[in-house]
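What follows is a short report on a single structure.
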Amino acid sequence: MTDQKINKVNAKDQPDIPCPPAQDMRPVMKEPLVRMKKRGVVTTRHKAIVYILGFILALLVGALMLLAVGKNPIIAYRDMAVGSFGTKIASAETVRIAIPLLITSVAVGFAFKMKFWNIGAEGQILAGAVACSYIVIHSINNGNYIPRLPLHLIMVICALIGGALFGFLPAFFKTKWGTNETLFTLMLNYIAIQYVVYLQSLRTWQHPDSSYPKIIDFSTFTDGKVELPRLFGVHIGWIFALIIAVIAYFYLTRTKHGFEISVVGDSMNTARYAGMNTTWIQIRTLLVSGALAGFVGYLQVAGANHTLTETSAGGVGFTAITVAWLAKLNPFVMVPISIFIAMLQKGSLFIQSTMRIPASVADLLTGLILFFMLGCEFFIEYKLVFRGKRNVSHLEQKEVAE
Amino acid sequence: MKVLMVIINWINAAVLSGTPLLLATSGEILTEKSGNLNLGVEGQMYMGAIAGLAGAWFTEQWFGVGGIIPLIAAVIFAFLMGCISGLIYAVLTVSLRANQNVTGLTLAIFGTGFARFFGEVLSNKAGGFVAVGRETKGVFSNIDFGKLAEIPVIGTLFFRYNWLVYFALIIAIILGWFLNRTRKGLSLRAVGENPGTADSAGINVTRYKYAATTIGGGLCGLGGLCMSMVSQKGVWQPNCVSGYGWLAIALVIFATWSPLRAIYSSIIFGGLSVMYMRIPIPGLPREIYMMFPYMATIIVLILTSIRQSKEHAQPASTGYNYYREER
């Protein structure tokens, strides 16, 4: 009885007891020095400022590294610009470097949009290059009998098939058993490179008067039939590259296929729930991605090098990843970015000869720029609030409430 | 008897070429246990390789001594450079929430460029090419075990290695013990499996991720040191790492995230990559033979993906960033 009464009294009294303010109940906790806060609306102007700042910072860090090895960064950067676009020949060379980059970044962009980490573009390019080189060698060893146009047609078809095959393998195993596609595609790179090394050792691929492990120059042995025509000083691959970029843009944004790719990339479960055949979508996209890279292989053989070496792909597969990501997988944006990266590469070759700065500075700068651009994403989406600015954040809260 | 000798010598070579793999694999296991899938091992090894070589070379030049002091400098430089590379990755993915795959790939590109750039600068400085002195090379070659190394079979199998081989073994064993037998190791595994739960249990997720990725990067850097100082005998080669970093990532899967299993896995892969020099197969071109480790990796990847078991799986949160507010 009494217990109940007491309980009752307590229950009744409770509202009257003045509660200490909630803040005092919590253990004393210091506000963190910096905390982050999601931005509601992101303006284009803000985005542009962050990206430009990030870019400048990347160049500054690059400049520090150049200073560290005793080179003048201002002259180096200036010479890189001059060396890549200063003369007509230099510009042509820069564009020539940009062609495979652009197409390859479109190719890996397709896969990346699906969150399929195809880093085997290098191998896919070589697969295409090897496939179309087989045709050339076959023609040469049989008295150079295939005329120009059919030769190129067969070469393109073979290159597409070769690249597509190298794209298909990892996609098949990924969709079937969830095999790690990153390492699969990467290992295919090494296998392709090693295979080209093997081809170089074959007597039938070498110059008849030489035992040096080097594949013959296709141009001289086919009376120039294998060479692509030139326009404005560059082989016509650049026209193909631009066309591919435009088609890719519309493919990704305006077609059912493109829609399916982005749904699979955003959420595999949503795609399945919507009744999409995710297995086929992934395999199909990788076939396209690989075939595009294979086409790059054809361009390298017929347009740029007129032969096949283990460096025919020359790191394009990796650099294309940075291009695709810097362009946010937008094929139109890939055009200026691939030209910019090509500029870095051509420019670095130039300063290698004029200033004795190693050409690998291009990779260094590319990596730095991408690092900073990756960091920029954060500052676009979030803002940092420092400890002292308490009142400001209160004001902001009021704004939100209103 | 001759066949036996060939096989024993082959195992000896396998252990030697597996050592950088073991160091890098241990580093990557530590990193992945915290939920960070760092694909930049190749770049980290390159950075460690050049930093170690530069550390040894500069010590020799400045202090005019060879041997043990340049060795210590090389180890410290390679480890610190690896740590820095891991730190870059951690800042970008943990604090700035960047995509792990792209960050890792960028690190691979950056690290390779970084090493080649400074490697060439150093070569120019040294007048042509960088090479450490004979004394320093000596401390990186096989340890002199005296009579022990002359015991048939056992001597070749156990006592004809450089100190890094034993060091890598000890590191792997310590790492295995740390992950499975200590409280901190348990917390780290919790962070990798489910950071949300770990956070609720009062574990500082950010701190663990940073520490694991940084130290893991340091181990990868030591793997790179092994490539430049042992495999290339202290001479700078722009292609010195040549895909070992990527093999290490594959080895992590092969070893199913266990440092102890990484020991024999790395020896198997080391053996595969030197097989073409040791065991000729008649009729098989050498160039095709050299594809073996890569083909084996693909086969291993496929097989492990087919027989997926819950027990030997990747830490559940690997590859995904942790957003505390979305817990």
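First to last, the protein sequences are chains A and B. Just so we're aligned, residue 1 is where the first sequence starts under my numbering, counting upward by one. Just so we're aligned, residue 1001 is where the second sequence starts under my numbering, counting upward by one. We put the beta carbon where it would ideally sit given N, CA and C, even for glycine.
Opposite Y382 (chain A) in the DSSP bridges: which residues? Stepping through the first sequence from its first residue, residue 382 (chain A) is reached at position 382. Paired residue(s): A:K38.
In chain B, which residues lie less than 9 Å from T366 (chain A) when you measure between Cβ atoms? Taking the first residue of the first sequence as 1, we reach residue 366 (chain A) at position 366. Simply T1106, I1109, F1110, G1113.
Please look up how many angstroms separate the CB atoms of L1039 (chain B) and N1101 (chain B), rounded, as I've assumed it's under 8 Å. Numbered from 1 along the second sequence, position 39 holds the residue referred to as residue 1039 (chain B). Numbered from 1 along the second sequence, position 101 holds the residue referred to as residue 1101 (chain B). Yes, L1039 (chain B) and N1101 (chain B) are in contact; Cβ-Cβ is about 6 Å, under 8 Å.
With a threshold of 8 Å on Cβ separation, who are the neighbours of D79 (chain A) within its own chain once the five nearest residues in sequence on each side are excluded? In the first sequence, counting from the first residue as 1, residue 79 (chain A) sits at position 79. Shown here for D79 (chain A): same chain residues with a beta carbon closer than 8 Å to its own, the five before and five after excluded, namely G347, F350, I351, T354, M355 in chain order.
So, helix, strand or coil for I1084 (chain B), using DSSP? The residue you call residue 1084 (chain B) lines up with position 84 of the second sequence. In the structure shown, I1084 (chain B) sits in a helix (DSSP, three-state: H, G or I).
In three-state terms, what does DSSP make of R387 (chain A)? For the purposes of this step, residue 387 (chain A) is identified with residue 387 of the first sequence, where counting begins at 1. Three-state result, R387 (chain A): coil.
So, for V9 (chain A): in the same chain, excluding its five sequence neighbours on each side, which residues have a beta-carbon less than 8 Å away from its beta-carbon? As a working note, residue 9 (chain A) is residue 9 in the first sequence. Note that V9 (chain A) scores a pLDDT of 45, beneath 50, so its modelled location is shaky; the value from the coordinates is reported in the next line. Excluding positions up to five away in sequence, the list is empty.
Do the stretch 320-339 of chain A and the stretch 34-43 of chain A touch if we need at least three Cβ pairs shorter than 8 Å? In short, these stretches do not touch, since the Cβ pair count stays below three.
Per DSSP, A1131 (chain B) is paired with what? By 1-based counting over the second sequence, the position of residue 1131 (chain B) is 131. Paired residue(s): B:V1235.
Please check if any C-beta of chain B sits within less than 9 Å of the C-beta of I103 (chain A). For the purposes of this step, residue 103 (chain A) is identified with residue 103 of the first sequence, where counting begins at 1. The beta carbon of I103 (chain A) sits no closer than 9 Å to any beta carbon of chain B.
With 9 Å as the threshold, decide whether the Cβ of F1063 (chain B) is near any Cβ in chain A. As a first step, residue 1063 (chain B) must be located in the second sequence, where it is residue number 63. At a cut-off of 9 Å between C-beta atoms, F1063 (chain B) does not count as an interface residue with respect to chain A.
Please confirm whether G1043 (chain B) and G1111 (chain B) have their CB atoms less than 9 Å apart. Indexing the second sequence from 1 puts residue 1043 (chain B) at position 43. Indexing the second sequence from 1 puts residue 1111 (chain B) at position 111. Using a Cβ distance threshold of 9 Å, G1043 (chain B) and G1111 (chain B) count as a contacting pair.
Under a Cβ-count criterion, where at least 16 other Cβ atoms within 10 Å of its own Cβ denotes burial, should Y1276 (chain B) be classed as buried or exposed? Stepping through the second sequence from its first residue, residue 1276 (chain B) is reached at position 276. Buried, because 16 or more other Cβ atoms sit within 10 Å of the Cβ of Y1276 (chain B).
The stretch 1263-1275 of chain B touching the stretch 160-171 of chain A, judged by at least three CB pairs closer than 8 Å: At 8 Å Cβ cutoff, the stretches do not touch.
Could you tell me which chain B residues have their CB closer than 8 Å to the CB of R356 (chain A), listed as they occur along the chain? Within the first sequence, numbered from 1, the residue matching residue 356 (chain A) stands at position 356. For R356 (chain A), the chain B residues whose Cβ falls inside 8 Å of its Cβ are N1124, in order along the chain.
Just to confirm my understanding: we take V1094 (chain B), look at its own chain, exclude 5 residues before and 5 after, and list those with CB closer than 7 Å. What are they? Your numbering for residue 1094 (chain B) matches position 94 in the second sequence. Excluding residues within five positions, the ones whose Cβ falls inside 7 Å are T1206, K1209, Y1210.
Do G1217 (chain B) and G1035 (chain B) have their C-beta atoms within less than 9 Å of each other? Stepping through the second sequence from its first residue, residue 1217 (chain B) is reached at position 217. Stepping through the second sequence from its first residue, residue 1035 (chain B) is reached at position 35. Result no, Cβ atoms of G1217 (chain B) and G1035 (chain B) do not sit closer than 9 Å.
Under the rule that 16 or more other beta-carbon atoms within 10 Å means buried, what is H138 (chain A), buried or exposed? Translated into positions along the first sequence, residue 138 (chain A) becomes position 138. H138 (chain A) should be labelled exposed.
Give me the chain B residues within the contact set of Q194 (chain A), using Cβ-Cβ distance strictly less than 7 Å, ordered along the chain. For the purposes of this step, residue 194 (chain A) is taken as residue 194 along the first sequence, with counting starting at 1. Correct list: E1287, M1290, M1291.
Could you give the residue range of the alpha helix (DSSP H) that holds Q194 (chain A)? As a working note, residue 194 (chain A) is residue 194 in the first sequence. That run of the alpha helix (DSSP H) goes 181-200.
Residue ranges of each alpha helix (DSSP H) within the stretch 35-86 of chain A, 4 or longer: If only uninterrupted alpha helix (DSSP H) runs of at least 4 residues are considered, those enclosed by the stretch 35-86 of chain A are 44-68, 73-85.
Would you tell me roughly how many angstroms separate the C-alpha atoms of T319 (chain A) and A63 (chain A), rounded to the nearest one? By one-based count along the first sequence, residue 319 (chain A) stands at place 319. By one-based count along the first sequence, residue 63 (chain A) stands at place 63. Just so you know, the alpha carbons of T319 (chain A) and A63 (chain A) end up roughly 21 Å apart.
For chain A, find out if any of its Cβ atoms is closer than 9 Å to the Cβ of Q1308 (chain B); answer yes or no. Taking the first residue of the second sequence as 1, we reach residue 1308 (chain B) at position 308. Closer than 9 Å: yes.
Under a three-way DSSP split, which group does R1097 (chain B) fall into? Numbered from 1 along the second sequence, position 97 holds the residue referred to as residue 1097 (chain B). When DSSP states are grouped into helix, strand and coil, R1097 (chain B) belongs to the coil group.
Which residues in chain A sit within 9 Å of S1305 (chain B), going by Cβ to Cβ distance? For the purposes of this step, residue 1305 (chain B) is taken as residue 305 along the second sequence, with counting starting at 1. The answer, in chain order, is F173, K174, K176, W177, G178, T179, N180.
For K113 (chain A), the nearest candidate out of A:N277, A:L384, A:F259, A:L374 (CA to CA): As a position in the first sequence, residue 113 (chain A) is number 113, starting the count at 1. For the residues A:N277, A:L384, A:F259, A:L374, the minimum Cα distance to K113 (chain A) belongs to A:F259.
Flag A127 (chain A) as yes if its beta-carbon sits less than 9 Å from any beta-carbon of chain B, otherwise no. Translated into positions along the first sequence, residue 127 (chain A) becomes position 127. Chain B contact via Cβ: absent.
Using Cβ-Cβ distances below 9 Å, what residues of the stretch 110-140 of chain A are close to chain B? The stretch 110-140 of chain A vs chain B, Cβ under 9 Å: F112, K115, W117, I119.
Would DSSP call F1160 (chain B) helix, strand or coil? Along the second sequence, read from residue 1 onward, the residue named residue 1160 (chain B) stands at position 160. Residue 1160 (chain B) is actually Arg in this sequence, not Phe. Residue state, collapsed to three classes: coil.
Is the Cβ of V1130 (chain B) closer than 9 Å to any Cβ of chain D? Structure shown: chain D not included; protein chains present are A and B.
Applying the 10 Å Cβ sphere with the 16-neighbour rule, what's the burial state of I341 (chain A)? In the first sequence, counting from the first residue as 1, residue 341 (chain A) sits at position 341. Looking at its Cβ environment, which holds 16 or more other Cβ atoms inside 10 Å, I341 (chain A) is buried.
Helix or strand or just coil, what does DSSP make of V1153 (chain B)? Mapped onto the second sequence, residue 1153 (chain B) falls at position 153. Residue state, collapsed to three classes: coil.
Note down the Cα distance separating Y1289 (chain B) from W1010 (chain B), rounded to an integer number of angstroms. The residue labelled residue 1289 (chain B) in the question sits at position 289 within the second sequence. The residue labelled residue 1010 (chain B) in the question sits at position 10 within the second sequence. Each residue's alpha carbon lies about 16 Å from the other.
Using beta-carbon positions only, say whether G1406 (chain B) and A1108 (chain B) come within less than 9 Å of one another. There is no way to answer for residue 1406 (chain B), as the model of chain B reaches only from 1001 to 1327.
If I measure Cβ to Cβ from S1317 (chain B) and keep anything under 7 Å in the same chain, skipping five residues before and after, which residues do I get? Here residue 1317 (chain B) corresponds to residue number 317 of the second sequence, with the count starting at 1. Only G1035, G1192, E1193, N1194, P1195 meet the Cβ criterion.
Residues bridged to R230 (chain A) (per DSSP): Taking the first residue of the first sequence as position 1, residue 230 (chain A) is located at position 230. Note: R230 (chain A) sits in a beta bridge opposite A:H235.
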